[in-house]
Each structure stands twice: as structure tokens, then as C-alpha cells.
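Number of protein chains: 2
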Amino acid sequence: MTSFDKLKFTPKEEEIRNKMITLKKEAGTHSPSIHTLTQLIPGLKIKVDACFLSNPYATELYMDYFKREIIDQNKLRDLLEFYPSQNDVIAFLLSSSINIDPKQIFIGNGAIEIIQAIIHRFAKKKMVVNIPTFSSYYEFAQDMVDVEFFKLRKEDNYNLDIIEYINFIKEQKPDTIVLINPNNPTGNYILKADLIKILKELSFVENIIIDESFIHFAFEDEFYSEVTLSKLVNEYNNLYIVKSMSKDFGIAGIRAGYAIMDEKKVNQLLKNGYLWNSNGLAEHFFRLYSQKEFIANYQFARKRYIEETQKFIIDVSKVANIKVYPSSANFVLIELPEEISSELITSILLIRHGIYVRNCADKIGLEGNYLRIASRGQDDNQTIIDVLKGLFN
Amino acid sequence: MTSFDKLKFTPKEEEIRNKMITLKKEAGTHSPSIHTLTQLIPGLKIKVDACFLSNPYATELYMDYFKREIIDQNKLRDLLEFYPSQNDVIAFLLSSSINIDPKQIFIGNGAIEIIQAIIHRFAKKKMVVNIPTFSSYYEFAQDMVDVEFFKLRKEDNYNLDIIEYINFIKEQKPDTIVLINPNNPTGNYILKADLIKILKELSFVENIIIDESFIHFAFEDEFYSEVTLSKLVNEYNNLYIVKSMSKDFGIAGIRAGYAIMDEKKVNQLLKNGYLWNSNGLAEHFFRLYSQKEFIANYQFARKRYIEETQKFIIDVSKVANIKVYPSSANFVLIELPEEISSELITSILLIRHGIYVRNCADKIGLEGNYLRIASRGQDDNQTIIDVLKGLFN
Numbered sequence: 067m068t069s070f071d072k073l074k075f076t077p078k079e080e081e082i083r084n085k086m087i088t089l090k091k092e093a094g095t096h097s098p099s100i101h102t103l104t105q106l107i108p109g110l111k112i113k114v115d116a117c118f119l120s121n122p123y124a125t126e127l128y129m130d131y132f133k134r135e136i137i138d139q140n141k142l143r144d145l146l147e148f149y150p151s152q153n154d155v156i157a158f159l160l161s162s163s164i165n166i167d168p169k170q171i172f173i174g175n176g177a178i179e180i181i182q183a184i185i186h187r188f189a190k191k192k193m194v195v196n197i198p199t200f201s202s203y204y205e206f207a208q209d210m211v212d213v214e215f216f217k218l219r220k221e222d223n224y225n226l227d228i229i230e231y232i233n234f235i236k237e238q239k240p241d242t243i244v245l246i247n248p249n250n251p252t253g254n255y256i257l258k259a260d261l262i263k264i265l266k267e268l269s270f271v272e273n274i275i276i277d278e279s280f281i282h283f284a285f286e287d288e289f290y291s292e293v294t295l296s297k298l299v300n301e302y303n304n305l306y307i308v309k310s311m312s313k314d315f316g317i318a319g320i321r322a323g324y325a326i327m328d329e330k331k332v333n334q335l336l337k338n339g340y341l342w343n344s345n346g347l348a349e350h351f352f353r354l355y356s357q358k359e360f361i362a363n364y365q366f367a368r369k370r371y372i373e374e375t376q377k378f379i380i381d382v383s384k385v386a387n388i389k390v391y392p393s394s395a396n397f398v399l400i401e402l403p404e405e406i407s408s409e410l411i412t413s414i415l416l417i418r419h420g421i422y423v424r425n426c427a428d429k430i431g432l433e434g435n436y437l438r439i440a441s442r443g444q445d446d447n448q449t450i451i452d453v454l455k456g457l458f459n
Numbered sequence: 067m068t069s070f071d072k073l074k075f076t077p078k079e080e081e082i083r084n085k086m087i088t089l090k091k092e093a094g095t096h097s098p099s100i101h102t103l104t105q106l107i108p109g110l111k112i113k114v115d116a117c118f119l120s121n122p123y124a125t126e127l128y129m130d131y132f133k134r135e136i137i138d139q140n141k142l143r144d145l146l147e148f149y150p151s152q153n154d155v156i157a158f159l160l161s162s163s164i165n166i167d168p169k170q171i172f173i174g175n176g177a178i179e180i181i182q183a184i185i186h187r188f189a190k191k192k193m194v195v196n197i198p199t200f201s202s203y204y205e206f207a208q209d210m211v212d213v214e215f216f217k218l219r220k221e222d223n224y225n226l227d228i229i230e231y232i233n234f235i236k237e238q239k240p241d242t243i244v245l246i247n248p249n250n251p252t253g254n255y256i257l258k259a260d261l262i263k264i265l266k267e268l269s270f271v272e273n274i275i276i277d278e279s280f281i282h283f284a285f286e287d288e289f290y291s292e293v294t295l296s297k298l299v300n301e302y303n304n305l306y307i308v309k310s311m312s313k314d315f316g317i318a319g320i321r322a323g324y325a326i327m328d329e330k331k332v333n334q335l336l337k338n339g340y341l342w343n344s345n346g347l348a349e350h351f352f353r354l355y356s357q358k359e360f361i362a363n364y365q366f367a368r369k370r371y372i373e374e375t376q377k378f379i380i381d382v383s384k385v386a387n388i389k390v391y392p393s394s395a396n397f398v399l400i401e402l403p404e405e406i407s408s409e410l411i412t413s414i415l416l417i418r419h420g421i422y423v424r425n426c427a428d429k430i431g432l433e434g435n436y437l438r439i440a441s442r443g444q445d446d447n448q449t450i451i452d453v454l455k456g457l458f459n
């Protein structure tokens, strides 16, 4: 194994490293974007943004349609000048693509707005969040809500122990619980059958939020068929399915997301807000998503990306001296040897190799030094593998 | 004056008219967009959308910059693929253009999100809203908030009587009051000096919301200098200035707005929400708005539009048999003779002449039959004038 003592930074590199540390601090529990980084650190060249969790092939597909349907048809002005449709109109557009009653659909300005809307409106006294996880779930809780953490155990590879979890919830009696499936930053996946067990056992919990923002990267059969619990909203009226479109469709910039929930809850949210929370591009995207041809092409891009991602995870697992956690998402969680800080490796990868990864030092609930590395296109993934091998083998 | 009895609708026209009535009902207290109308009423041709309140010259200017900076530079994918910056980063971008401390700026996904955020978070028991007005202010009030209306009087041309208003507020003791300046749908303008009088007298009111979404169309001097009360947030920490960018910049589709308020309130809002509520196009717009050259060109487009709008209002005033209210906004409120319903004229204008105007029958606080007609480009305005003359002279 390389001795990291040899990898001393030059004064110039040390300066960049310190700037990165400052920027990370300022970005709170999220990472500074590559735009912020390159803008504030002149001379920094980012070749691979492996901090960014999205399917680049889906972005390509979307851009292709956007060019054909909007740019080439001179329709861009229409999307930017006029008011987009109201929430329920866009819900109706989406309903055929996901085969859900439009009255059960709540459209959001990104999944993040939906998380906020649900937690602000429906979480009342106590919320249980599993850690490690996406921090907004506990950060968005209002002051009157107690947040209790359910710690996923390192010895279980941060997998959820269903029985233990059910017992914990029965004991704690929260009104709101959150399950991200697959989880971020671990990539752990809870089987549909296990989630149904949880729903059955925890019917007393008022709000069960299942965040399926990474679900298009997971699969339970050899055909990579899409999995979702959306339909179960008919059976469990305490269930909320939250879905970002940013990751699987690669369109974080347009802010599109939706949630499936009991019709009464959609009405409660729309009763005094969220009237015009979609922009023109998001509305166009939801129209696109209702086209059969687009969906067929998307499924192709999705399955190609899943295959490459699974290969990437296997390749990363072969790098010596690091521990790689199994993942059903589009990223992989890596544990570094005890004596090597995640900040050091993040800096080396960025400054020396132009690879931007997520330093997980701020993620509560992770024990050890961790990086989260996204799967990108084939060539970028190969670059990451080669650099990791050079560093750790 | 034309006898409207002669204007009998053909069965085909009657069918369209009935569809319009249904669509209007479904859209609640807002109007169906021209997209919804043309999609659901085949054969309907809209030539002038005078329901839509925006400066078309500003849209042209924006599209010109968008083409040069984004499309031609191949930067569109960057805006759509990656996460936009967080709220405080965009506030910082905007701060130089409006000369306000970034800590006092809250960025919104359109002004509508800001109205919702302020009212949901800060209005506690009682809110006073002047009517007629933009309905979202009272519709967004949560169940525990009493909404009291202050009726603007027809005999005052719906102008606010400052003394009477101050006395009413002192008597009612609401925690939240709302003033839209210029008001929608009347176009009435409250002088800056009068608003300062209100602020001085009503320091006991916890939240004074002044919505300046149409303020770029108003002026108090011959140079059409921009007016705003933004700076007064330093003096009055109960003041909120709400600002849509949709109307003056003609970019309703990208959803961009901001509010100026006491730093502590911005922090309260950002503490558990609104992290990534801007999309990539909105962020680019705020970057554009910080460019001196763009602002200079915008001021030219703004002043040209003000001049044409003022001329339009004078021309409409010369049409016989209708009453035209003075307006400092980019639209004009018209009162029809008692025996003629606003629905009838709206239908005639749309079906026979392709002109879409706002039927104000659902606006509470207006006594009589009213239409609101937006000022558009010069030619469109002339078309409107000619048709109105044909109908009413």
C-alpha cells in the first residue's frame, strides 16, 4: 500500500485544500457544487464529478428530446414566458406514466420541497429517522418535533434489521417515520416484502414516508424491472412515497419531483398553497414522461446505467485496502483504512486527479472514514477505478 | 351603443362559451392559461393574451441574452443537469442588483412561494387583506388564521383611504396586514409617503407585507425612476417586501421571485427549509440581473413599456359607455354598463376577436361588472382598442 506520507502537498495544493475545507464548512451538511468550487478556486480542473448522483445517459436522452421538441420547434419562449399549469394539471399529466390516480399525486419543486411540505404539515411531535441518511429529513423538522435516530449498525453493513426496527418504533411511538430506499449514502436496499411487513406492523404510525428517489437504480429481478410501493397508498393511507426526478432522469437543474399519498392529504396541502410550484421546463418534462417512446428510450438508458453501475461497484470492490459496501443505488460507499482521513483522500482525488467525490465526514451515524463515489459514464468510471488502484493497491 | 342582443352566438360559439365557463370554474379564483384553453377548445384561436400581465419587450430582451449566453455557448445542459445553488448563494447574486444586504434577501420559486412561506410561518391569528385583491393572500391563510377584509370603496375608485385604513387596523389589531402596490386588479397606487405613514402608525402590527410585484410599472417622477420600499426593512423590522420577477421581466415560466425582510426572519425560514428552491434557469436569470449592461437594456424596455401602457390606458378611457379606472400597473380595470355581464364580453372578445381578457366576476370586493385588460405590445394594444371601440362606441 502507498505510504500517504509521501504524498505531501505543495504549498499551492495546500492552499486549494484549505479553500475546499472552508467551502465544505459553508455548504453545511451538503457539498459545494462543482460550479461553486471552480468559481472560487481558480485553476481547479474537475474531470469527473463523482459527487453528483445522476444518470448521465438519461440526461443525454432528455437533452435530445428537449432540442427536438423545444429548441428546434422555436417553443423555448413559450416555456419561459408563460405561467406553467397548476399543480393538479401536472399531476394529471403524470398519472398515466406512473399509473396512479391523479388525486393521489402531489407535484413538487424537486423532492426537497415535498419533504419540507410533508414534514412541516404532518409531522407533529416525534419523528424517527434512520442514520446514516440524507440530512434534510431531520434538518427540516420544525422546532416542536423531536427527532429520534435509529442507528443502522456498522456490523450489519448498515442494513436495516426489520424486527429490531419494528420493535424500536413500537417502543418510541413516533407519529412520523422515514425510510429512504435505497438509502443514501449507504446504497442499502430494503426488499419490497420487508417494507410491506413494516407497513403491516406499524399501522399506528400516522406518517410513514418512503423516499424512493434512488429506486430506479434498484431491482429485484433479472430484467431490472422498476420497483415501487406507490400502489400501496390505496391500502395504507399513512404511506407517503417521495420521488425525485433529479437522479434517475439526470435533470437536477429543472427541479421536478412528486409524491404519492392519500387523496385527503394532497387536498390538505393544496388547500392553502403549492398552486404554481412547477416551472415551464418541469411541466414539459412531465409531458415528455407521458410519451411512450420517451419512456421506452428512458428504460434503455436506465438499464444500461444499472449494468455499468453494478460493474463499477464490483470493480471498486477489487481495490485493495478499502472496504466497499454493497449498493443498490447509483453510488458506492467506501470505508478507508483507520489512519487515513476522508478529507485527505477527497483532496488528493480532486487536486491531483480532478475527481470530485463526497467526503462523508459530516454524515452522522457512520463509524470510520468514508467516501461516497457516484457511478458516472463508462469512461469516467474507468478513470475512477484506475486512480483508486494507483492510490490503494 | 351596440345592442348586445344582436350579438347572438351561433350554436358552435355557444358551445365554446360553455366550455370556457366550465374551465374558469375549474381554475378556481385564477384564470385558465391560454395553453389549457387552446388545448381543451379545439379551433379556438387566441391572437392577444390580454389576461397575461407581463412586459413582452422584457421577455424579448431576456430571450436574446438567453440565446447568446446559454444556447449559443452550449451551456443549456449545465443549467438543466446540475443542482442549482442554494438559497443564500442566489441571494448574494441578487444583492448587488437591488443594493440590499444579502442576509435580508429570501429567494423564492416565484413570489407565490414567498407569499405562502410568510403567511404560513408568520401570520398567527388575524390577517387583514384589502379587497378587491390577488386572492392567494387570503386563500393561503391557514385554518387558525382569521382573515378580515378591508373593503376598498367603489366611490373612491377603490383607492385606499390611508386614515380610514390606519384606524381600521388599530381597531382590528391583526398580526398581519397585506398591501399590494400597485394593487391587482385595480392598478391603484399608494404613494411611498403614504406607505411610510402607515408603517409609522402601525408599528404594533407584527407583519406588514407590501407586495411590489407590479412596482416596476409605477413611477413618481417624470423619468419613470423605480420606486421601492425595500430599504425601509432596516428601519421597520416588521416589514416584508414581496417581489415577483414574472411581470416586469416577462419570465413567468422560470418562477423567480424574492422578498426583503429582517435578517432574523430570513434565518427562521432557511433554518428548516427552502434550501434548493431555485431552478437552473432562475439562477441564470439572477446572474443576468447582476450585469450592468443587461440592467441598462432592461430599463429601456421597461420605460418603453410604461409609455406604451400609459398611452393604452388613455386610449381605453376614450372608449364610450365603459368606465376605466386609473392604473399605475400594466393593466386596466374596466367597468361595464350594468346590464352587460363580464362573462358575455369576455366570451365575445375571445370567440369573435381572439382577445383573452380577465373576467373579474369572481373577484370579491368589486361592485359591478368588470374586466381586467393587460397592456401588451403596441400592435396588440391597438387591436384591443379597435375591438373595444367597435363593441362600445
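Taken in order, these protein sequences are the chains called E and Z. Quick note, the first sequence lines up with residues 67 to 459 if you use our numbering. Quick note, the second sequence lines up with residues 67 to 459 if you use our numbering. We put the beta carbon where it would ideally sit given N, CA and C, even for glycine. Predicted, not measured: the structure shown is a model, and the values here were computed from it.
Residues near residue i in its chain [Cβ-Cβ closer than 7 Å; skip 5 each side]
i, result
"residue 149(Z)", "342"
"residue 347(Z)", "145 and 320"
"residue 383(Z)", "390"
"residue 258(Z)", "286, 293 and 295"
"residue 427(E)", "408 and 409"
"residue 166(Z)", "296 and 326"
"residue 412(Z)", "423, 425 and 437"
"residue 204(E)", "195 and 213"
"residue 374(Z)", "441, 444 and 447"
Same chain, Cβ closer than 6 Å to residue i, neighbours up to 5 away in sequence not counted
i, result
"residue 459(Z)", "386"
"residue 163(E)", "355 and 356"
"residue 190(E)", "241"
"residue 367(Z)", "123, 124 and 127"
"residue 168(Z)", "157, 158 and 161"
Per DSSP, the bridge partner or partners of residue i
i, result
"residue 298(E)", "Per DSSP, none; premise fails for residue 298(E)."
"residue 323(Z)", "174(Z) and 310(Z)"
"residue 193(Z)", "213(Z) and 242(Z)"
"residue 390(Z)", "400(Z)"
"residue 277(Z)", "246(Z) and 308(Z)"
"residue 121(E)", "Looking at the DSSP assignment, residue 121(E) forms no beta bridge with any residue, so it has no partner."
"residue 115(E)", "422(E)"
Distance between beta carbons of residue j and residue i, contact taken as under 8 Å
i, j, result
"residue 283(Z)", "residue 124(Z)", "The pair is not a contact, with the Cβ atoms about 11 Å apart (cut-off 8 Å)."
"residue 137(Z)", "residue 137(E)", "7 Å"
"residue 421(E)", "residue 93(E)", "18 Å between Cβ atoms; not a contact."
"residue 201(Z)", "residue 178(Z)", "The pair is not a contact, with the Cβ atoms about 11 Å apart (cut-off 8 Å)."
"residue 90(E)", "residue 98(E)", "6 Å"
"residue 174(E)", "residue 324(E)", "6 Å"
"residue 329(E)", "residue 316(Z)", "About 36 Å; that fails the 8 Å criterion."
"residue 338(Z)", "residue 206(E)", "5 Å"
Within-8 Å CB hit, residue i to chain B
i, result
"residue 88(E)", "In the structure shown, chain B does not exist; the protein chains are E and Z."
Distance cut-off 7 Å: residue i Cβ against heavy atoms of the ligand ATP
i, result
"residue 243(Z)", "No copy of the ligand ATP occurs in the structure displayed, which carries no ligand at all."
Nonlocal neighbours in the same chain, by C-beta distance under 8 Å from residue i, ignoring five residues either side
i, result
"residue 381(E)", "447 and 451"
"residue 261(Z)", "245, 247, 276 and 295"
"residue 302(E)", "265, 269 and 274"
"residue 404(Z)", "434 and 435"
"residue 238(E)", "192, 194 and 214"
Worksheet item: Taking Cβ-Cβ distances below 9 Å as the criterion, which residues of the segment 120–146 of chain E are in contact with chain Z?
Response: Of all residues in the segment 120–146 of chain E, 120, 122, 125, 126, 128, 129, 132, 133, 137, 142, 143, 144, 145 and 146 have a Cβ within less than 9 Å of some Cβ in chain Z.
Worksheet item: For the segment 69–95 of chain E, which segments carrying the alpha helix (DSSP H) assignment without a break, of at least 4 residues, lie completely within its bounds, in sequence order?
Response: Runs of alpha helix (DSSP H) with 4 or more residues, each lying fully within the segment 69–95 of chain E, are found at 77–92, listed in chain order.
Worksheet entry | Near-chain E residues of the segment 199–215 of chain Z - C-beta to any C-beta below 9 Å | Under the 9 Å Cβ criterion, the segment 199–215 of chain Z contributes 202, 205, 206, 207, 208 and 209.
Worksheet item: Can you list, in chain order, the stretches of the alpha helix (DSSP H) that have 4 or more residues and sit fully within the segment 325–354 of chain E?
Response: The qualifying runs are 329–337 and 346–354.
Item to complete: Using a Cβ-Cβ cut-off of less than 7 Å, list which residues of the segment 300–330 of chain E approach chain Z; keep chain order.
Response: Taking 7 Å as the Cβ-Cβ cut-off against chain Z, the residues of the segment 300–330 of chain E that qualify are 316, 317, 318, 319, 320 and 321.
Discussion item. Which complete alpha helix (DSSP H) runs does the segment 404–450 of chain Z hold, if anything under 4 residues is left out?
Written reply: Given a length threshold of 4 residues, each whole run of the alpha helix (DSSP H) inside the segment 404–450 of chain Z is given here in chain order: 408–419.
Fill in: Residues, ordered as in the chain, of the segment 146–159 of chain Z that lie near chain E by beta-carbon distance below 8 Å
When C-beta distances to chain E are compared with 8 Å, the residues of the segment 146–159 of chain Z below that value are 146, 147, 148, 149, 150, 151, 152 and 155, in chain order.
Practice prompt. Please list the residues of the segment 334–348 of chain E that have a C-beta atom closer than 9 Å to any C-beta atom in chain Z, keeping them in chain order.
Written response: In summary, the residues of the segment 334–348 of chain E whose CB is separated from some CB of chain Z by less than 9 Å are 337, 338, 339, 340, 341, 342, 343, 344, 345, 346, 347 and 348, in the order they occur in the chain.
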